[in-house]
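Order-wise, the sequence lines are chains A and B.
Oh and the first sequence: position 10 is 10 in my numbering, straight run, nothing missing.
Oh and the second sequence: position 165 is 1165 in my numbering, straight run, nothing missing.
First the structure, in the form of structure tokens, and then the observations on it.
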Amino acid sequence: MAPATSPHPNAPTRPQPRNPTDLFWSFTLLALQGFGGVLAVVQRELVEKKGWMTNEEFVEDWAVAQIMPGPNVVNLSIMIGDRYFGLRGAVAALAGMLTFPLILVLTLAMVYAQFSSEPAVAGALRGMGAVAAGLIAGVGIKLFASIKNHPLGRPLCVVLAGLTIVAMAGLRLPLFWILPVLGGAACVLTWRKLAP
Amino acid sequence: MTAATTVTAPLLALNAGDWLNLFLYYLSLSLLAVGGAIATAPDMHRFLVERQAWLTDPQFSASIAIAQAAPGPNVLFIALLGWNVGINAGGPGVAGWLLGALGMAVCMLGVMLPSSLLTWLATRWGHRNRERRAVRAFKQGMAPVVIGLLLATAWVLARAHGVWATDWPVWLLTAVTVVLVWRTKLHLLWMLGTGAALGALGWI
């Protein structure tokens, strides 16, 4: 177990992608499993199956991917790819994330008109939507367990996460305000706890 | 009946200036898409449907629904929007397909180029300086907020299920999924497949 305070993805004992081609196909497989969003699959594949990163590192990378402009999983694939093989890795991961899903989505769009009126198709979409919501919540709960080594301590983390849920889902405040205010406060508090 | 949706789409006359306009629009949107591309969808509706009338309302909604239902990043709905703009300009057949591909490329390149470059440069710097106290404080400090955002996203998605009294099977399916993801190593595709089957059979 790597300590939470020194995320070092290239630690020699850790499994890692062999080459950019490996990255491309890993991200392709990952993207093709990601119905209703890729996040749940990224955690399952990269952390639990491949062991390329820990839950702590995943949350940290996800935070950065979220705060940067642009699609989150696209940012995440660029970050992870670049870390292993530089620009080549970033491009390989990004291409993996987009190429085959793009072909698939186009195909779906072209046949959509034929089947959109079928009740079974609408029902299947509804069922998959219900599962997708559960996947995201399940990953959120699981990641919360990774907070046990957090410098702020668990109770304060619970309060911060709770405030974020209320602000986002309850008050419907724009992310543009939530991230600087709550995120900023959390970062300042963490900064004070960390050894200089 | 369903064919009507493809026939009623207007045939557009798009010149090079219009394509450039589309590209510039997505370039400008790119750096505003904080918190995911889907957050900027209302603005795309304003621009593509209301102001330019390059897309119809059903085309816009279907693009988002298909991209959400299909595997892969949700940002692919932007590729579908561009594809449909091209189809509207080229009509059915090869011309439509070629312009569809052009529209797709224009929209995706525009929306991804600035944000991807910025992310690449910024995270490179961040990784090189990962032992700095400020960088560690930022990455670790954001963790509880990011987890909160995740749970909020799940809640917003689940809320679309409808009311508990009548739509309880959908809610139950979501709740069971949460427990399975949390407590087991069951493959995610099994859960999605089961959800799709239950829905197709009309049980939820």
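Glycine residues also receive a C-beta, built at the ideal position from the N, C-alpha and C atoms.
Just tell me which of Ser-77/A, Thr-99/A, Phe-100/A, Leu-98/A has its CA closest to the CA of Gly-89/A. Out of Ser-77/A, Thr-99/A, Phe-100/A, Leu-98/A, Ser-77/A has the C-alpha closest to the C-alpha of Gly-89/A.
Quick check on Asn-19/A - is its C-beta less than 8 Å from some C-beta in chain B? With 8 Å as the cut-off, Asn-19/A does not count as an interface residue toward chain B.
Start-to-end residues for the alpha helix (DSSP H) that takes in Leu-1011/B: For Leu-1011/B, there is no enclosing alpha helix (DSSP H), as DSSP gives it neither H nor E.
Strictly below 9 Å CB to CB, what residues from chain A border Phe-1047/B? Against Phe-1047/B, chain A offers no close residue; the least beta-carbon distance is about 18 Å (beta-carbon pairs closer than 9 Å).
Tell me the rounded alpha-carbon separation between Lys-142/A and Ala-1134/B. Taking the straight line joining both Cα atoms gives about 27 Å.
Give the single residue among Gly-1086/B, Phe-1077/B, Phe-1023/B, Ile-1064/B whose Cα lies nearest to the Cα of Leu-1011/B. The closest CA to that of Leu-1011/B, considering only Gly-1086/B, Phe-1077/B, Phe-1023/B, Ile-1064/B, is found on Gly-1086/B.
Since I believe Val-131/A is in contact with Leu-1192/B (beta carbons under 8 Å), could you give me their beta-carbon distance rounded to a whole number of angstroms? That belief holds up - the Cβ atoms of Leu-1192/B and Val-131/A are roughly 5 Å apart, short of 8 Å.
Give the DSSP-derived three-state secondary structure of Pro-101/A in the structure shown. In the displayed model, Pro-101/A falls within a helix according to three-state DSSP.
The alpha helix (DSSP H) enclosing Trp-1125/B, as first and last residue numbers: Where Trp-1125/B is concerned, the enclosing alpha helix (DSSP H) stretches over 1094 to 1128.
Specify the secondary structure class of Pro-71/A as computed by DSSP and reduced to three states. Coil.
Listed by chain order, chain A residues near Phe-1060/B by CB distance under 7 Å: Within chain A, no residue comes near Phe-1060/B; the closest Cβ sits about 13 Å away, beyond 7 Å.
CB contact flag (Leu-1024/B, Leu-135/A, <8 Å): If you check the CB distance, Leu-1024/B and Leu-135/A do not come in under 8 Å.
Leu-179/A and Leu-160/A closer than 8 Å at C-beta: It is not a contact, given that the beta carbons lie outside the stated cut-off.
Using a threshold of 8 Å, state whether the C-beta atoms of Ser-1030/B and Val-1111/B are closer than that. In contact: Ser-1030/B and Val-1111/B (Cβ atoms closer than 8 Å).
C-alpha gap between Leu-1076/B and Leu-1109/B, whole angstroms: When the Cα atoms are used, Leu-1076/B and Leu-1109/B turn out to be separated by approximately 12 Å.
With 8 Å set as the bound, which would you pick, yes or no: does the beta-carbon of Gln-1140/B sit closer than that to a beta-carbon of chain A? It does; some Cβ of chain A falls within 8 Å.
If we define contact as Cβ-Cβ less than 8 Å, is Ser-1116/B a contact residue for chain A? It does: the Cβ of Ser-1116/B has a partner Cβ on chain A nearer than 8 Å.
Is it right to say Phe-1060/B is buried, meaning 16 or more other beta carbons lie within 10 angstroms of its own, or is it exposed? Under this definition Phe-1060/B is a buried residue.
Check for me: the alpha helix (DSSP H) holding Thr-54/A runs from which residue to which? Boundaries cannot be given for Thr-54/A, as no alpha helix (DSSP H) includes it and DSSP labels it neither H nor E.
Residues, ordered as in the chain, of the stretch 1140 to 1155 of chain B that lie near chain A by beta-carbon distance below 9 Å: Those would be Gln-1140, Gly-1141, Met-1142, Ala-1143, Pro-1144, Val-1145, Val-1146, Ile-1147, Gly-1148, Leu-1149, Leu-1150, Leu-1151, Ala-1152, Thr-1153, Ala-1154, Trp-1155, in chain order.
According to the Cβ coordinates, are Phe-115/A and Leu-23/A closer than 8 Å? No. Outside cutoff.
Reduced DSSP secondary structure (H/G/I, E/B, other) of Pro-15/A: Of the three classes helix, strand and coil, the one that applies to Pro-15/A here is coil, per DSSP.
Looking at the C-beta of Val-42/A, does it have a partner C-beta in chain B at a distance below 8 Å? No, because no Cβ of chain B sits closer than 8 Å to the Cβ of Val-42/A.
Pro-16/A versus chain B: which residues are under 9 Å apart at the beta carbon? Checking the sequence, you will find Gln at residue 16/A rather than Pro. When 9 Å is used as the limit between beta carbons, Gln-16/A is near no residue of chain B, the shortest such separation being about 15 Å.
Arg-154/A to Ala-1122/B span [Cα, whole Å]: For Arg-154/A and Ala-1122/B, the distance between alpha carbons rounds to 29 Å.
Interface flag, Gly-1126/B vs chain A, CB-CB below 8 Å: Chain A contact via Cβ: present.
Check whether the stretch 43 to 52 of chain A touches the stretch 1086 to 1103 of chain B, taking contact to mean three or more Cβ pairs, one atom from each stretch, closer than 8 Å. With the rule of 3 Cβ pairs closer than 8 Å, the stretch 43 to 52 of chain A does not count as touching the stretch 1086 to 1103 of chain B.
Could you work out which residues of chain A lie near Gly-1202/B, taking near to mean beta carbons separated by less than 9 Å? Residues of chain A passing the Cβ test: Pro-119, Ala-120, Gly-123.
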